[in-house]
Structure formats: C-alpha cells, structure tokens
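In the order they appear, the protein sequences are chains A and B.
Taking my numbering, the leading residue of the first sequence gets 365, the next gets one more, and so forth.
Taking my numbering, the leading residue of the second sequence gets 365, the next gets one more, and so forth.
Cβ atoms here follow ideal geometry from the backbone N, Cα and C, with glycine treated the same way.
Computed from a prediction, not measured in an experiment: that's the story for all the values here.
Read the structure below first, then the notes.
2 protein chains.
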Amino acid sequence: MTQNNAQDVCQTECVHETVVNTIKPKMHSTELLLDLSEIFKILGDHTRVRILHALSLSELCVCDMANLLNMSSSAISHQLRVLRAAKVVKFRKDGKNVFYSLDDHHIFSLINEGLAHVLE
Amino acid sequence: MTQNNAQDVCQTECVHETVVNTIKPKMHSTELLLDLSEIFKILGDHTRVRILHALSLSELCVCDMANLLNMSSSAISHQLRVLRAAKVVKFRKDGKNVFYSLDDHHIFSLINEGLAHVLE
DNA sequence: CTCACGTATGAACATATGTTCAAATGATAT
DNA sequence: ATATCATTTGAACATATGTTCATACGTGAG
C-alpha cells in the first residue's frame with residue numbers, strides 16, 4: 365500500500381495530538397456542518413442573493429423581481445424554486461400573481477451580517 | 365422579435381410600479397451583491413465549513429486538519445488555497461509546518477450565526 | 001370555452017467545482 | 001549534499017450548477 369488515503373496521511377508523524385484531542389470532542393457533527401454548508405450554498409449565488417436582498421425590502425411577485433434584476437421570469441422562477449425548497453422564502457397566490465417574501469429571520473440576519481462584512 | 369429577453373419580460377403588464385420604484389433606489393449595487401454572494405460561496409462547501417469550524421476552535425496545521433476531517437492533506441491544502449485567496453484564513457510557518465487560523469472576525473460571526481440557524 | 005398572461009417546469013448546454021493522483025517545493029536533520 | 005517529511009501544485013476526472021429556450025400549467029377575462 366504505497367498510495368496515501370485519508371486514513372494514513374501523517375497520522376503518527378506531525379499531528380499535534382494535544383490540540384487535536386482537545387478539539388475533536390468540541391466539534392459539531394459532520395452532518396450538522398453539512399447542513400450549515402447547504403445554507404451557505406443557497407446564499408452563494410449572485411442571482412439568489414439579489415432576490416433575497418430585494419425580498420428583504422418588500423414582498424414581490426416574480427415579475428417584479430424579473431424587472432428589478434433585469435432577468436427573465438424563467439430564470440427568477442428557477443431560483444425561487446431553490447429558495448422555496450430551502451424554506452428560505454414563502455409565497456402567497458393572488459390571482460395570476462405569486463407574491464414571495466422571506467420566510468426566515470435567520471436568513472435576514474445572515475444577509476445583513478454578510479453585507480456588513482462586504483461594506484467594511 | 366418574438367423571444368423574450370431580460371428587457372421585455374412583463375415590464376408593462378404586471379409590474380407593481382409603486383413597490384418596484386420604492387425598492388429600486390434602496391437596493392445595494394449589483395457589484396456589492398456579487399461580492400456578498402462570493403463570500404457565501406466560500407462558506408458553501410462541506411469541507412471548507414468543517415475546516416473553518418475547526419479553526420474557530422484553534423490554530424491548526426494542515427496535517428491536524430487532515431486528521432480531524434479524515435481527509436488527505438492534498439484535499440485540505442486545495443481548500444485552504446481557496447480560503448487564503450478569500451482572506452478568510454491567515455497562516456504562519458514554523459519549520460515544516462504551516463499553521464492556519466481565522467483571519468476575519470466576520471467569518472466567525474457568519475459561521476456562528478449560521479450554526480444558530482441550523483441548530484434551531 | 002377560449003384566450004391571454006403570469007408562473008412553473010424540463011431538457012440541453014456551457015461552465016464551475018471538488019477530489020484524487022502524481023509530482024514538485026521547501027525545510028530540517030543527518 | 002542527501003534523505004525525509006509537511007505542504008503545495010497541476011492535471012484529470014466526475015459531478016454539480018445556472019441560464020436559456022421551449023413548453024406546460026393555472027387563473028381570470030371576455
């Protein structure tokens with residue numbers, strides 16, 4: 365077995381056991397961190413961030429967003445599907461229109477926290 | 365011109381002009397929101413989130429992280445490159461080892477804000 | 001019912017992304 | 001200098017992702 369795999373890479377040589385052993389029990393589960401990365405992945409798209417930022421200012425229908433972002437309704441709708449699946453936005457139907465709004469105050473906080481970072 | 369493009373999708377029909385005109389001047393620039401999405405994109409990866417979470421607990425060398433995450437040093441190093449480019453982590457060299465740590469308190473806040481969301 | 005329109009969906013496409021393997025650095029010790 | 005080890009890098013690969021186009025769905029008006 366000459367090739368490295370995840371198990372035997374410098375496990376006995378360079379690992380600082382004291383630190384690693386202290387941290388290991390403090391770390392959140394892999395599953396939880398996977399969920400965390402999924403949330404960030406949802407926010408990690410130019411179009412979706414713009415949609416969410418717009419929705420943080422007001423409830424909007426698909427057409428309004430298409431107009432605000434200067435994109436096709438189809439492109440907007442595809443992204444709204446992703447945001448719906450992630451329970452980041454909610455919607456109500458009114459005749460032919462579907463009005464979207466933010467469903468989660470945490471997302472609002474994340475967007476604003478991120479904005480503070482970028483604006484600095 | 366029969367096909368839709370971004371300009372002429374339901375601009376005169378369904379747009380709620382009052383709302384849209386109120387929001388438009390309040391929206392951050394497309395460029396700023398692009399930067400914002402880039403930050404979230406950095407955090408939107410399973411491996412990188414795990415690295416950052418570990419680093420939020422202690423300074424670590426590549427080998428420690430490979431051990432903690434049960435991955436190859438190469439895979440870790442590739443992701444650290446991304447994190448370095450985004451100025452999310454900083455590093456110091458000590459002999460053969462390279463110790464990484466978080467470089468940005470905003471990232472720490474974002475990770476924890478996100479965790480609060482996921483833990484709820 | 002039929003039409004128009006707002007919205008949603010599916011397929012296709014190009015592009016981006018993460019991991020692996022192999023090889024190359026850079027530093028320490030002998 | 002040579003060997004060894006931690007880290008980095010490059011190429012290749014498979015997979016995921018976002019947009020466009022065409023089409024379908026669902027509602028309200030005539």
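Out of curiosity, what's the CA-to-CA distance linking residue i and residue j?
| i | j | result |
| --- | --- | --- |
| T394 (chain A) | R414 (chain B) | 8 Å |
| T419 (chain B) | Y464 (chain B) | A small correction: the amino acid at residue 419 (chain B) is Leu; Thr does not occupy that position in the sequence shown. Cα-Cα distance, rounded: 7 Å. |
| I387 (chain B) | H380 (chain A) | 53 Å |
| D399 (chain B) | N461 (chain A) | 31 Å |
| D468 (chain A) | L444 (chain A) | 14 Å |
| A450 (chain B) | K390 (chain B) | 28 Å |
| L466 (chain A) | G459 (chain B) | 50 Å |
| I403 (chain A) | G408 (chain B) | 7 Å |
| I440 (chain A) | L447 (chain A) | 10 Å |
| R412 (chain B) | V482 (chain B) | 17 Å |
| S437 (chain B) | S437 (chain A) | 44 Å |
| M435 (chain A) | L397 (chain A) | 33 Å |
| H392 (chain A) | G478 (chain B) | 13 Å |
| A370 (chain B) | H442 (chain A) | With a pLDDT of 46 at A370 (chain B), under the threshold of 50, the modelled position of this residue cannot be trusted; read the value that follows with caution. If you take the alpha carbons of A370 (chain B) and H442 (chain A), they lie about 15 Å apart. |
| V452 (chain B) | H410 (chain B) | 16 Å |
| N476 (chain A) | N476 (chain B) | 14 Å |
| A480 (chain B) | A480 (chain A) | 18 Å |
For residue i, decide whether its Cβ has a neighbour in chain A, counting only Cβ atoms nearer than 9 Å.
| i | result |
| --- | --- |
| A465 (chain B) | Ala is not the amino acid found at residue 465 (chain B); the sequence shown has Ser there. With 9 Å as the cut-off, S465 (chain B) does not count as an interface residue toward chain A. |
| K336 (chain B) | With chain B running from 365 to 484 in the structure shown, residue 336 (chain B) is simply not present. |
| K390 (chain B) | yes |
| H380 (chain B) | yes |
| H442 (chain B) | no |
Quick check on this structure: which residue in the options has the alpha carbon closest to the alpha carbon of residue i?
| i | options | result |
| --- | --- | --- |
| K405 (chain B) | B:A480, B:L474, B:E484 | B:L474 |
| V383 (chain B) | A:N431, A:H481, A:V383, A:S441 | A:N431 |
| C378 (chain B) | A:I403, A:D409, A:A480, A:M429 | A:M429 |
| K457 (chain B) | B:L433, B:S436, B:L424, B:E477 | B:L424 |
| H470 (chain A) | B:I471, B:I440, B:G408, B:E484 | B:E484 |
| K454 (chain A) | A:M435, A:V426, A:L433 | A:V426 |
| F472 (chain A) | A:L396, A:S422, A:L397 | A:S422 |
| L385 (chain B) | A:L397, A:R412, A:L433 | The amino acid occupying residue 385 (chain B) in the given sequence is Asn; Leu does not appear at that position. If we check each option's Cα against that of N385 (chain B), A:L433 comes out closest. |
| H417 (chain A) | B:H410, B:S401, B:N476 | B:S401 |
Are the C-beta atoms of residue i and some chain B residue less than 9 Å apart?
| i | result |
| --- | --- |
| H481 (chain A) | yes |
| V446 (chain A) | no |
| S473 (chain A) | yes |
| V384 (chain A) | yes |
| F455 (chain A) | no |
| H470 (chain A) | yes |
Next item on the list: Please go through the segment 411 to 477 of chain B and give each complete beta strand (DSSP E) segment of 3 or more residues, from N-terminal end onward.
Entry: Segments of the beta strand (DSSP E) lying fully in the segment 411 to 477 of chain B: 453 to 458, 461 to 466.
Notebook entry, point to check: Using a Cβ cut-off of 7 Å, which residues of the segment 396 to 418 of chain B contact any Cβ in chain A, in chain order?
Noted result: Listed in sequence order: L396, L397, L398, D399, L400, S401, I403, F404, K405, L407, G408, D409, H410, V413, R414, H417, A418.
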